[in-house]
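Novice: Counted from 1, the sequence shown has number 1520 at position 30 by our numbering; the numbering is strictly sequential.
Beta carbons are placed, not taken as given, at the ideal position from N, Cα and C, and that holds for glycine.
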Amino acid sequence: MEAPRRSLGHWIRIKNGKIENYQAVIPATRNGSPRDPQGNIDAFEASLLGAPLAKPEEPLEILPKLHSFDPCLACSTHIINLEGGKLAKLRVV
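1. Quick check on the burial criterion: 16 or more other C-beta atoms within 10 angstroms. Buried or exposed for D1560?
2. Taking just the CA atoms, how far does A1514 sit from L1553?
3. Based on the DSSP secondary-structure assignment, which residues constitute the bridge partners of A1514?
4. How about S1537 and K1508: are their beta carbons less than 9 Å apart?
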């Protein structure tokens, strides 16, 4: 199925009348790929490099940039500290 941000793929394997395996490949999977063999970064990562964060534990500044690529990205974005320190501790209640 073609989606506004790129194609959307659903793969379903049915065995004995039941779904044995289901996989969805969403546009963000293709648009935001990991670094390529030459070390080039994707557009998502490039747009965030050097972005100032007033509160790293609540990185709200990055949401508009990510939403401009794909409105679903904000729910699956993680921030890392390249120096290895902890940025935030979150508790879901």
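Specialist: For this structure:
1. In the sequence shown, the residue the question calls residue 1560 occupies position 70. Flag for D1560 reads buried.
2. One-based indexing of the sequence shown puts residue 1553 at position 63. One-based indexing of the sequence shown puts residue 1514 at position 24. L1553 and A1514: Cα-Cα distance of roughly 24 Å.
3. As a first step, residue 1514 is located in the sequence shown; it is residue number 24 there, counting from the start. DSSP output for A1514 lists H1500 as bridge partner(s).
4. As a working mapping, residue 1537 is identified with position 47 in the sequence shown. As a working mapping, residue 1508 is identified with position 18 in the sequence shown. Cβ distance not < 9 Å, so S1537 and K1508 don't count as in contact.
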